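The numbering used here puts the first residue of the sequence shown at 6, with every later residue one more than the last.
For glycine and all other residues, C-beta sits at the position ideal for the given N, C-alpha and C.
Since the model is a prediction, treat every value here as computed from it, not as a measurement.
Quick notes on the structure that follows.
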Amino acid sequence: MPIRVLPADVADKIAAGEVIERPASVAKELAENSIDAGASDIQVTIREGGHRLIRVVDNGCGIPEDELELALARHATSKLTTVSDLEAIRTLGFRGEALTSIAAVSQMTMTSRPRSQPVGRSLRIDGGQVTRREGRGAPAGTSVSVENLFHNVPARRKFLRQPSTEAGHIHRVVVQYAMAYPGIRFRLEMDGRLAFQSSGSGELRDVLVAVYGLEMAEQMVPIGAGAGAEPAAGEIHVSGFAGQPSLHRANRDYITLFVNQRWIQDRSLSHAVAQAYHTLLPVGRHPVAVVQIQMDPAQVDVNVHPTKREVRFRDGHRVFAAVQRAVRASLLEQASLPGALPAGSRDWPGAARWGAVQAIGRAEAQIALDLYRPGELEPVGPVRLPLLRVVGQIGQTYIVAEGPQGMYLIDQHAAHERVLYEQLTAQTAEGKVASQALLEPSALELLPSQAAVLEERLEGFRAAGFELEAFGGSTYLLRAVPAILARAEPSQAVVDIVDDLQESPTMRTPVEEAGEAELIAAICKRAAVKAGQILSQPEMQELVRGLEQCASPRTCPHGRPTVVHFSAEQLEREFLRR
Ligand code: ADP
Ligand code: MG
């Protein structure tokens, strides 16, 4: 085909796809516009996970009637005028693209009235074309209703998840902005039900109570001196709240980061927060924290990614250090650290020992591995494992075993995951999962985003041995768990599994394709012995026997190796016997 410039309507839809991936992107862009408009009250209403309707109503500055149509044009913005403005962006929006993009792929009604204007003006836009213009009585502010998203883009519509899943994403967006702007009153209504509300009191603590509940919010301590004055040039202010070390979760989703009140995703800064908890949390667990970074906008580039979720710092190291230091300092000053836990705090037993166990475990494992340069570690030869004799355990993490061809070092957690995974997969396929009833049903109170994951996978959970029943809202009753989870704390295990699934990349592909494997892997991750757990000789033997019987014994379900093999020749070479 010859090269042609795309017709404008096609180009618009493609560009829209970058910014408007799903209903939550619409909610995000509209909420950002409301915040930029100086609103103190923002109401979000959705129907059917936003597929049918997303409406955002604010009491902000409004759009003058003679500018309303212009607001819909591509690259039309009131927030930037010159290229140099791009170097220090203080507003959430700046590209003038969101409204065009949303209008191109939906049926949109936009009504606005600046305070100084006696009546409002309303536009109806269908697939990017204005179909109606009228004057209309309206409260001061702006209301945007987006109906039938992607009705004219079947390729996009196919990727929409179940309404409950999309609703979970929208909930998350609203909650994030409520945390970034405690002074704005947010309200989210889903299918006629109030799903979230913040007071607009200006206190982040109040928002945390609304988001996480009182019990969790009480376990968080303030970071830094609070979000006071604008930082002077070159200064980085870090504020927010950090969870006590007794509050921990299965993934990093509970680390929320804002830069100049923009919600961002940044692996390095999440890591900075996690680092601040070094040795304070059990292995494999992650903290809960809401971290607000205020700094000179000229030191941050927000114009990196279409969705503005990623930023680039002029001096990333300084920001990293500032975050880590502030969080660490607040923990050391205020948190009840292991060993001095207040009575009744929900802590795991032996917290104090954990840090030590972890440190020793790592040091020993490191010594064991340092003996062999990485290039010389060989994957185990045959697919199946030979019969092994257990020698012992090192670092409470690895099992040392001997086989016909030398020494085998087995990662106890990875190996156990593999064994359980193959067992549970087989049992599920045959419909014969060993399930264990709880003495008393346990009520799971989930976040809407978690409930959405659970709802979407309910059949899978049942097939894998859970007995779960919806109990209204985001609450579920847990009556039974797969027998392999019997030793875990059952409701925490379900929450952790759901969090793992939420994090998984396949959340973006249709659920049928993700299949059951992922769920089973997540269950086994929870059920497997952990690093740092002392195993008896019979326990180690049983584990190694199980691994010998696996069809793919050499990797865990997530692809990490379970076994490292040191051949007899290799050992001889190391000791200069050859
Ligand atoms: P951007 O936010 O990047 O400027 P948008 O397409 O989201 O681009 O919006 C275009 C313009 O429309 C904004 O610059 C702003 O002037 C105006 N606008 C959009 N939403 C609102 C609102 N809720 N209140 C007031 N003005 C708005
Ligand atoms: Mg915008």
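Please report how far the alpha carbon of residue i lies from the alpha carbon of residue j, in whole angstroms.
i, j, result
"Ala573", "Leu414", "13 Å"
"Val24", "Ala109", "12 Å"
"Arg513", "Cys529", "Annotation note: pLDDT 39 at Arg513 (below 50); position unreliable, coordinate value reported separately. Each residue's alpha carbon lies about 22 Å from the other."
"Ile298", "Ala327", "9 Å"
"His421", "Gln554", "12 Å"
"Gln202", "Val62", "14 Å"
"Arg79", "Ile175", "25 Å"
"Arg129", "Arg137", "5 Å"
"Glu208", "Thr170", "29 Å"
"Leu382", "Ala419", "Residue placement at Leu382 cannot be trusted, given a pLDDT of 35 that sits under 50; what the coordinates show is reported in the next sentence. Answer to the nearest angstrom: the Cα atoms are 17 Å apart."
"Ser83", "Ala143", "22 Å"
"Val212", "Ala185", "9 Å"
"Ala345", "Ser447", "In this predicted model, Ala345 has a pLDDT of only 31, less than 50, meaning its place in the structure is not dependable; the value taken from the coordinates is given anyway. Distance between the alpha carbons of Ala345 and Ser447 is about 30 Å."
"Ala13", "Ile107", "15 Å"
"Arg60", "Val49", "6 Å"
"Arg198", "Arg177", "16 Å"
"Gly400", "His276", "25 Å"
"Ala32", "Leu483", "33 Å"
"Gly355", "Lys313", "Note that Gly355 scores a pLDDT of 34, beneath 50, so its modelled location is shaky; the value from the coordinates is reported in the next line. Taking the straight line joining both Cα atoms gives about 43 Å."
"His563", "Ala526", "8 Å"
"Gln134", "Thr105", "10 Å"
"Ala81", "Gly218", "41 Å"
"Gln371", "Thr284", "Below a pLDDT of 50, predicted positions are generally treated as unreliable, and Gln371, at 34, falls in that range; the measurement from the model is reported next regardless. Cα-Cα distance, rounded: 17 Å."
"Val307", "Met195", "31 Å"
"Ser127", "Ile47", "19 Å"
"Gly98", "Asp71", "21 Å"
"Gly575", "Val396", "This sequence places Gln at residue 575; Gly is not what is there. So the alpha carbons of these two residues sit roughly 19 Å apart."
"Arg52", "Leu552", "49 Å"
"Asp352", "Ile94", "Residue confidence for Asp352 is low, a pLDDT of 36 falling below 50, so the modelled location carries little weight; the figure read from the coordinates is stated next. Computed Cα separation, rounded: 43 Å."
"Ser485", "Leu473", "Looking at the sequence shown, residue 485 is not Ser but Ala. Cα to Cα, the separation comes out at about 7 Å."
"Leu154", "Gly132", "10 Å"
"Pro236", "Met300", "6 Å"
Pop quiz: residue i and residue j are said to be a contact at Cβ under 8 Å. What is the actual Cβ separation, rounded to whole angstroms?
i, j, result
"Leu463", "Val503", "In fact, because the Cβ distance is near 11 Å, the residues do not count as touching under 8 Å."
"Leu165", "Val179", "Leu165 to Val179, Cβ: 19 Å. No contact."
"Arg559", "Val568", "6 Å"
"Asn64", "Ala145", "6 Å"
"Gly411", "Phe571", "5 Å"
"Leu425", "Ala406", "That belief does not hold up - the Cβ atoms of Leu425 and Ala406 are roughly 19 Å apart, past 8 Å."
"Gly245", "Ala294", "7 Å"
"Ala439", "Gly465", "Going by Cβ atoms, the distance from Ala439 to Gly465 rounds to 17 Å, so no, they are not a contact pair."
"Leu490", "Ala532", "5 Å"
"Val158", "Met113", "Not quite, the Cβ-Cβ distance comes to about 14 Å (not below 8 Å), so this is no contact."
"Tyr403", "Leu449", "Actually they are not in contact, since the Cβ atoms of Tyr403 and Leu449 sit about 35 Å apart, beyond 8 Å."
"His253", "Leu274", "18 Å between Cβ atoms; not a contact."
"Gln507", "Asp258", "7 Å"
"Arg389", "Cys561", "Going by Cβ atoms, the distance from Arg389 to Cys561 rounds to 16 Å, so no, they are not a contact pair."
"Gln417", "Ala536", "7 Å"
"Ile600", "Tyr182", "Coverage of the chain is limited to positions 6 through 583, which leaves residue 600 absent and any answer about it impossible."
Compute every distance between the C-beta of residue i and the non-hydrogen atoms of the ligand ADP, then say whether any falls below 7 Å.
i, result
"Asp306", "no"
"Thr147", "yes"
"Ser83", "yes"
"Asp46", "no"
"Arg177", "no"
"Gly101", "yes"
"Gly197", "no"
"Asp63", "yes"
"Ile68", "yes"
"Asp41", "yes"
"Glu74", "no"
"Glu34", "yes"
"Thr312", "no"
"Thr105", "yes"
Have a look at the DSSP bridge pairing and note the partners of residue i.
i, result
"His156", "DSSP, once it has assigned bridges, lists no residue as partnering His156."
"Val61", "Val49 and Val149"
"Glu474", "Leu482"
"Pro302", "Paired residue(s): none; Pro302 is not in a bridge."
"Gln5", "No statement about residue 5 is possible, as the shown extent of the chain runs from 6 to 583 and does not include it."
"Asp131", "Gln112 and Gln134"
"Ala442", "Ala485"
"Leu414", "Val405 and Val569"
"Ala498", "According to DSSP, which records beta bridges pairwise, Ala498 is partnered with nothing at all."
"Gly140", "Arg126"
Taking only beta-carbon positions, decide if residue i is within less than 8 Å of chain D.
i, result
"Ala331", "In the structure shown, chain D cannot be found, because there is only a single protein chain."
Check your understanding: What is the chain-ordered set of residues for which the beta carbon lies under 5 Å from any non-hydrogen atom of the ligand MG?
Key -> Asn38, Gly98 and Ala103
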